[in-house]
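In what follows, a structure is listed as structure tokens, so that the remarks can point back to it.
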Amino acid sequence: MICYLNGEFLPLSEARIPVLDRGFIFGDGVYEVIPVYRRQAFRLAGHLARLGRSLDAVRIARPHDDARWAELIRELVAHQEHDDQSLYLQVTRGVARRDHTFPAGVTPTVFMMSGALTLPPADVLTRGIPAVTQTDNRWFRCDIKSTALLANVLLRQAASDAGAGEAVLLRDGFLTEGSASNIFVVRGGTIRTPAKSHLTLPGITYDVIADLARDNALPYEQCDVHETEVRAADEIWLASSTREILPVTALDGRPVGNGVPGPMFRRMYELFQAYKDIHCPPAG
């Protein structure tokens, strides 16, 4: 696998970062995960806008403008053997002696790698996945896509230990998101999801779902979603860049709705696949 590190394309096995990089010492950095379909980065403008917001929020200087990012991403994608890829991009504050305050005159570390995009297989889409609820005990700036993901790791591991595919997070009795996804519930034919705030990551797939619901006259609300609504939902979905849209058919050991993916999920999934084909069309 060819990666990119600080201006150079090289084999991943040869990439080296000093141990005093603040991303290693403090988790002082931000990242993006960008799906690539047919060698075309999906919703790249949205991903780069979110990256810019994260960099600004943590006060790391933007190392490139959008045009240069797009150029580097195209070149990295071209180096890989797979047409569909999951591209990981990370920017840290850089290398400096260990001190909590920001160092002066430090150049950010820029790293990118891209591998095969492995989407959920057809049988998982047919039966859905189980999830468990967990208390959202993360920090209060979940809108920043920070590399400091220990809380998310622990929450996702708790789900894995319970034999589940995701943790559905609740804070003070209300839905926030998943450990690595946005969460949608369907109740009475209406899609409901928490509005964007400092407690949730503004997902790119989340935005696609909002656009598709609006363009296809599907009832859709961004609002507070109480825990009771989650537990009584007819359908629950998760959405992320690497799993697209995936139905949750059991929550805390109990069926969601009829225990199978529902009609609103099937409709949204079809719309999403058609949207992909329009925006990342096959060659020729």
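According to the numbering used here, the stretch in the sequence shown is residues 13 to 296, in order. Each residue gets a CB set at the ideal place from its N, CA and C atoms; glycine is no exception.
Only counting the same chain, and skipping five residues up and downstream in sequence, which positions put a Cβ closer than 6 Å to that of Tyr232? Ile203, Ala225
For Asn18, count neighbouring Cβ atoms within 10 angstroms of its own Cβ and tell me buried if that reaches 16, exposed if not. exposed
Have a look at Ile216, His291, Gln285, Leu137 and flag the residue whose alpha-carbon is nearest the alpha-carbon of Ile248. Leu137
Same chain, Cβ closer than 8 Å to Leu84, five either side skipped, listed in chain order: Tyr16, His76, Met124
Neighbour-count burial assignment, Asp320, 16 or more Cβ in a 10 Å radius: The displayed coordinates of the chain run from 13 to 296. Any statement about residue 320 would go beyond what the structure contains.
Hey, out of Val165, Ala174, Ala170, Ala251, whose CA is closest to Thr205's CA? Ala251
Rounded separation between Cys292 and Arg80 - CA only: 20 Å
Taking the Cβ atom as the reference point for each residue, do Phe152 and His210 lie within a distance shorter than 8 Å? yes
With 16 other Cβ atoms within 10 Å as the buried cut-off, status of Ala245: buried
Between Ala171 and the rest of its own chain, which residues show a CB-CB distance below 8 Å, the 5 nearest in sequence each way excluded? Ala143, Val144, Gln146, Gly177, Glu178, Ala179, Ser191
With respect to the alpha helix (DSSP H) encompassing Thr240, which residues constitute its N-terminal and C-terminal limits? 239 to 243
Following the continuous beta strand (DSSP E) through Phe21, name the residue where it begins and the one where it ends. 20 to 23
When we look at the beta-carbon of Leu67 and count the other beta-carbons within 10 Å, is it buried (16 or more) or exposed? buried
Presumed contact (8 Å Cβ cut-off) between Leu88 and Ile46, rounded CB distance: Rounded, the Cβ-Cβ distance is 10 Å, inconsistent with contact.
By Cβ distance below 6 Å, which residues in the same chain neighbour Leu263 in space, the five residues on each side in sequence not counted? Ala143
Residue range of the alpha helix (DSSP H) that includes Leu167: 162 to 173
Within the continuous alpha helix (DSSP H) that includes Leu56, where are the two ends? 56 to 70
Buried versus exposed, by CB contacts within 10 Å (16 or more), Asp33: buried
Report back the beta-carbon spacing between Leu182 and Ile195 to the nearest angstrom; my notes put them in contact at under 8 Å. Contact doesn't hold; Cβ gap of about 10 Å is too wide.
Quick check: the Cα distance between His91 and Pro23, rounded to an integer number of angstroms? 10 Å
With 16 other CB atoms within 10 Å as the buried threshold, where does Cys235 fall? exposed
Simplified DSSP state of Arg80, which is helix, strand or coil: helix
Just to confirm before moving on: does the CB-CB distance between Pro294 and Arg71 stay below 8 Å? no
Proximal residues to Pro273 (C-beta, below 6 Å), its chain only, five neighbours per side dropped: Gly140, Pro259
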